[in-house]
Structures are given as structure tokens and as C-alpha cells.
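Following: one structure in C-alpha cells, then a few remarks.
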Amino acid sequence: MLQQRLLEIAIAEFASKGLEGASTRSIAAKAGTAMSSITYHFGGKEGLYLAAADYIAAQIGTDFKATLSIDEVPAGLTPDQARALLHGMIRRFIDTMTGPKSAMYSLFIMREQMEPTEAFERIYGGLMGRMLAMLVELICIATARRDATVAQVTAITLMGQVIVLRGSRATVLKLLQRRDIDSAAIALLAARIAANTDAILDQLIAERQELP
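Note that my numbering has the sequence shown beginning at 1, numbered continuously upward.
Put into C-alpha cells, the structure is as follows:
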């Protein structure tokens with residue numbers, strides 16, 4: 001399908017060169033079509049950029065839903081059940097960040113993180129925002145601590161240890177003395193991140209118990 005091919009090529013182009021540096025002529029040529037196709041389907045370069053953001057948001061949503069079949073936090077969860085779901089979300093995020101598809105998506109998103117535009121609002125407004133809100137709610141349930149700020153800071157901390165696997169991939173590989181983050185490395189990293197997650201949640205529970 002021409003539109004999908006244009007979007008996938010455009011994401012790689014925008015990811016490596018940014019909106020200003022990307023060339024619609026180059027994108028069209030790599031897709032084997034005329035530049036007029038971009039105007040016809042997307043209205044021009046800016047429209048293509050926003051459509052690329054929508055495509056990334058949709059793909060991330062599809063990937064997560066394939067292995068995490070919940071759209072909202074179920075009612076009546078126990079702290080242990082919430083913790084288990086939280087671990088499942090983080091493990092799915094690890095698989096996404098270390099998978100081949102995340103490379104060009106992540107660079108596109110990182111550009112938007114540094115200088116957010118309407119494209120970031122579209123990406124965050126998709127599954128990303130909903131999943132982060134779910135993560136915050138699960139933290140509150142798992143720790144029996146209804147403090148939104150604490151839960152939000154915790155969510156940032158938990159996600160940060162996973163994002164580094166893509167955002168600082170070269171450093172991770174150098175430190176691990178590996179050429180790639182293979183299945184063995186992913187297993188080691190996932191186990192450590194899971195242990196860190198439990199330690200953070202346990203500390204929040206201990207702090208709650210010490211509150212007057």
C-alpha cells in the first residue's frame with residue numbers, strides 16, 4: 001500500500017534528519033512514486049509529518065495490545081494483582097525498546113521529546129498517555145498509597161530504566177561488551193529491572209507505613 005510505504009520511509013527520514021532536514025523528494029523517490037502523491041495523500045510535508053506521528057502511535061498501540069489485553073485498570077485489583085500487571089507492562093516495554101521496530105520510532109519520538117510539536121501531542125494522546133496513566137494507577141494500588149505525585153515520579157523512574165536501553169543503546173552495548181542486546185542480555189536486564197521495580201514499590205510501602 002502506497003500510503004503505508006510513504007509513512008514508513010518518511011518516519012526513517014524524519015527520524016534521522018528532522019522535519020526541516022527531511023526531503024519529500026527523497027521520500028517519494030525511495031517509495032517509487034511522484035512527489036504529488038505526498039500532496040495528494042497528506043497535503044504536503046507537514047501533513048506527512050503529523051501522519052507519521054499518528055502511524056507511530058497506532059503501531060505502538062498495536063504492539064502493546066498484542067501482549068497486554070487491558071485498556072484500563074480493572075476494578076477491585078488487589079495490591080499483588082496490581083504489581084503483577086505493572087511487571088507485565090514493564091516487561092512488554094522492555095521487549096518494545098529492544099526490538100528492531102523501535103529504532104526509527106524511538107529516534108522520531110526523541111526528537112519530539114527535545115522540541116515537542118503537535119506531533120508529540122498526537123503520540124502522547126494515543127496509547128502512550130493511556131499506558132502511563134495506567135502505570136500510575138497501578139503504582140497507587142500496588143503500594144496502597146494514594147499520592148498522585150509520588151506515583152508519577154515513580155512511573156518516570158521505572159520507565160527511565162527501560163528507555164535507556166534504546167536512548168543510550170551504544171553506551172549499554174559498550175558497558176556490557178556486546179555487539180547486540182540479544183535474548184540473553186534482555187533476560188539479564190529484565191530480571192534486574194524487575195528486581196529494581198519490586199525494591200522501589202517495597203520502599204514506597206515502607207514509607208507509607210512510617211507516615212503518621
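For each residue, glycine too, the CB sits at the ideal point set by N, CA and C.
Practice problem: Assuming Ala53 and Ala119 form a contact by the criterion Cβ under 8 Å, report the distance between their Cβ atoms to the nearest whole angstrom. | Solution: As a working note, residue 53 is residue 53 in the sequence shown. As a working note, residue 119 is residue 119 in the sequence shown. With a beta-carbon spacing of about 4 Å, Ala53 and Ala119 fall inside the 8 Å limit used to define contacts.
Quiz item: At a cut of 8 Å, does the stretch 160-171 reach the stretch 122-137 through at least three beta carbon pairs?
Solution: The stretch 160-171, when compared against the stretch 122-137, does not touch it at the 8 Å Cβ threshold.
Practice problem: State yes or no: is the C-beta of Thr197 within less than 8 Å of the C-beta of Ile94? | Solution: Position 197 of the sequence shown holds residue 197. Position 94 of the sequence shown holds residue 94. Taking 8 Å as the Cβ cut-off, Thr197 and Ile94 do not qualify as a contacting pair.
Quiz item: Looking at Gln152 and Val162, is the spacing between their C-beta atoms short of 8 Å?
Solution: One-based indexing of the sequence shown puts residue 162 at position 162. One-based indexing of the sequence shown puts residue 152 at position 152. Not in contact: Val162 and Gln152 (Cβ atoms no closer than 8 Å).
Exercise. Confirm, please, whether the CB-CB distance from Met114 to Ile11 is below 8 Å.
Key: Within the sequence shown, residue 11 is the residue found at index 11, counting from 1. Within the sequence shown, residue 114 is the residue found at index 114, counting from 1. The answer is no: Cβ separation not under 8 Å.
Quiz item: What are the start and end residues of the alpha helix (DSSP H) that includes Met110?
Solution: Working through the sequence shown from its first residue, we reach residue 110 at position 110. Element bounds for Met110: Ser102 to Met114.
Self-check item: Contact under 8 Å by Cβ, Leu6 with Ile38
Solution: As a first step, residue 6 is located in the sequence shown; it is residue number 6 there, counting from the start. As a first step, residue 38 is located in the sequence shown; it is residue number 38 there, counting from the start. Against a cut-off of 8 Å, the Cβ pair of Ile38 and Leu6 comes out as a contact.
Quiz prompt | Leu204 to Glu210 span [Cα, whole Å] | solution = Counted from its first residue, the sequence shown places residue 204 at position 204. Counted from its first residue, the sequence shown places residue 210 at position 210. Straight-line measurement puts the Cα of Glu210 at about 10 Å from the Cα of Leu204.
Quiz item: What's the gap between the Cα of Ala133 and the Cα of Pro74?
Solution: Here residue 133 refers to the residue found at position 133 of the sequence shown. Here residue 74 refers to the residue found at position 74 of the sequence shown. Spanning the two alpha carbons is a distance of roughly 13 Å.
Quiz item: Do you know offhand how far Ala22's Cα is from Gln59's?
Solution: Numbered from its first residue, the sequence shown carries residue 22 at position 22. Numbered from its first residue, the sequence shown carries residue 59 at position 59. Put simply, the backbone Cα of Ala22 is about 22 Å away from that of Gln59.
Exercise. With a threshold of 16 other CB atoms inside 10 Å of the CB of Ala82, please say whether the residue is buried or exposed.
Key: By 1-based counting over the sequence shown, the position of residue 82 is 82. Around the beta carbon of Ala82, 16 or more other beta carbons sit within 10 angstroms, so the residue counts as buried.
Quiz item: Which of helix, strand or coil does DSSP assign to Pro74?
Solution: Counting from 1 along the sequence shown, the entry for residue 74 is found at position 74. For Pro74, the secondary structure class from DSSP, reduced to helix, strand or coil, is coil.
Practice problem: With distances taken Cα to Cα, identify the nearest neighbour of Leu138 among Pro79, Tyr40, Ile200 and Thr62. | Solution: One-based indexing of the sequence shown puts residue 138 at position 138. Looking from the CA of Leu138, the closest CA among Pro79, Tyr40, Ile200 and Thr62 belongs to Pro79.
Quiz prompt | Selected residue, minimal CA-CA separation from Lys30, among Leu201, Ile9 and Ala142 | solution = Looking up residue 30 in the sequence shown gives position 30. Of the listed residues, the one whose Cα sits closest to Lys30 is Ile9.
Self-check item: Simplified DSSP assignment, three categories, for Gln177
Solution: Position 177 of the sequence shown, counting from 1, holds the residue named residue 177. It is coil, neither helix nor strand.
Quiz prompt | Exposure of Ile141, with buried meaning 16 or more beta-carbon neighbours within 10 Å | solution = On the sequence shown, position 141 is the one that residue 141 refers to. Ile141 comes out buried.
Exercise. May I ask which residues mark the beginning and end of the alpha helix (DSSP H) holding Tyr40?
Key: Looking up residue 40 in the sequence shown gives position 40. Run containing Tyr40: Met35 to Phe42, per the alpha helix (DSSP H) assignment.
Quiz item: What is the rounded straight-line gap between the Cα of Lys101 and the Cα of Leu107?
Solution: Position 101 of the sequence shown holds residue 101. Position 107 of the sequence shown holds residue 107. Between the C-alpha atoms of Lys101 and Leu107 there is a straight-line separation of about 11 Å.
Quiz item: alpha helix (DSSP H) containing Thr154: first to last residue?
Solution: The residue given as residue 154 occupies position 154 in the sequence shown. That run of the alpha helix (DSSP H) goes Ala148 to Gly167.
Quiz item: Which residues in the same chain as Leu50 place their Cβ atom closer than 7 Å to its Cβ, once the five residues preceding and following it in sequence are excluded?
Solution: Locating residue 50 in the sequence shown gives position 50, counting from the first residue. Glu118, Ala119 and Arg122.
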